[in-house]
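Participant: So that we are looking at the same thing, I have put the structure below in structure tokens.
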Amino acid sequence: DSGVTQTPKHLITATGQRVTLRCSPRSGDLSVYWYQQSLDQGLQFLIQYYNGEERAKGNILERFSAQQFPDLHSELNLSSLELGDSALYFCASSVGTSGTGSYTGELFFGEGSRLTVL
Amino acid sequence: GDSVTQMEGPVTLSEEAFLTINCTYTATGYPSLFWYVQYPGEGLQLLLKATKADDKGSNKGFEATYRKETTSFHLEKGSVQVSDSAVYFCALGVGAGSYQLTFGKGTKLSVIP
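If you're matching them up, the sequences are chains S and P in order. With this note's numbering applied, the first sequence has no gaps in its numbers, which climb one by one up to 118 at the end. With this note's numbering applied, the second sequence has no gaps in its numbers, which climb one by one up to 1113 at the end.
Right, dumping it as structure tokens:
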């Protein structure tokens, strides 16, 4: 058990809909990362938050947005869903971020939220 | 941009066989290199890492050496077990001290008794 909790584990929805994925990081971790895992693209970095602020952005579509709340949990919002958005969405956390503290480089991953868009 | 290329599977081995999973990278600067493992139904977890050239990461009988001259970080294990069946991901940290990781596409390993 990594200590990172993601809900829901499975989600089935229709094209055009909007969903919210939730992540609770490990106790004490300030950084949250979102990754998308699909068969053709592999693991793609979407976005990172550190202590409530956006820190880095990857291949995140404009239809997607995220935020990190004061209690450090994070939500990933996916809107106007398309068939191609079907994937496994992982949340990960780490104690620090680039330039802070001693570096471990280790990310702790949740079990993922599997999104199916029909 | 930064990228990781790893041999694509699936790879099927008999128990006690020798394992090599190749990984090469392209990066500006001096990245940190990682191997993560994903067991069925679970999230990824760190297997080993190396933060500078010629470092050797090792864990659970697996090892990999950071080779700057060949931009490689191949994963090896001398004798695999059925319990090693999983998907293995090579990754690099973008820039020194970075937690923003770029992953390879993963290699699925199946070990049969």
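Beta carbons are placed, not taken as given, at the ideal position from N, Cα and C, and that holds for glycine. As the structure is a prediction and not an experimental result, all values here were calculated from the model.
Using a Cβ cut-off of 9 angstroms, pull out every chain P residue sitting near S:S94, in sequence order please.
Facilitator: Y1099
Participant: Can you list, in chain order, the residues of its chain with a C-beta nearer than 7 angstroms to that of S:S80? Leave out the 5 residues immediately preceding and following it.
Facilitator: Taken in chain order, the residues that qualify are G16, R63.
Participant: List the residues that DSSP assigns as beta-bridge partners of S:T13.
Facilitator: S:V117
Participant: With which residues is S:I47 paired in a DSSP beta bridge?
Facilitator: S:W34, S:K57
Participant: Between the alpha carbons of P:A1091 and S:Q44, how many angstroms are there, rounded?
Facilitator: For P:A1091 and S:Q44, the distance between alpha carbons rounds to 11 angstroms.
Participant: Looking only at its own chain, which residues have a Cβ that is under 7 angstroms from the Cβ of S:F109, when we skip the five neighbours before and after it?
Facilitator: S2, V4, F90, A92
Participant: On the criterion of 16 or more Cβ atoms from any shown chain inside 10 Å, does S:L118 qualify as buried, or is it exposed?
Facilitator: exposed
Participant: Using a Cβ-Cβ cutoff of less than 7 angstroms, which residues in the same chain neighbour P:A1017 once the five nearest sequence positions on both sides are dropped?
Facilitator: V1080
Participant: In its own chain, which residues sit with a C-beta less than 6 angstroms from the C-beta of P:T1051, not counting the 5 before and 5 after it?
Facilitator: S1032
Participant: Along chain S, in chain order, which residues have C-beta atoms closer than 8 angstroms to that of P:E1042?
Facilitator: The answer, in chain order, is E111.
Participant: Mind pulling the chain S residues with CB within less than 8 angstroms of P:T1102?
Facilitator: F45
Participant: Using a Cβ-Cβ cut-off of 8 angstroms (strictly less than) and excluding sequence neighbours within five positions of S:A14, which residues of its own chain qualify?
Facilitator: L81, V117, L118
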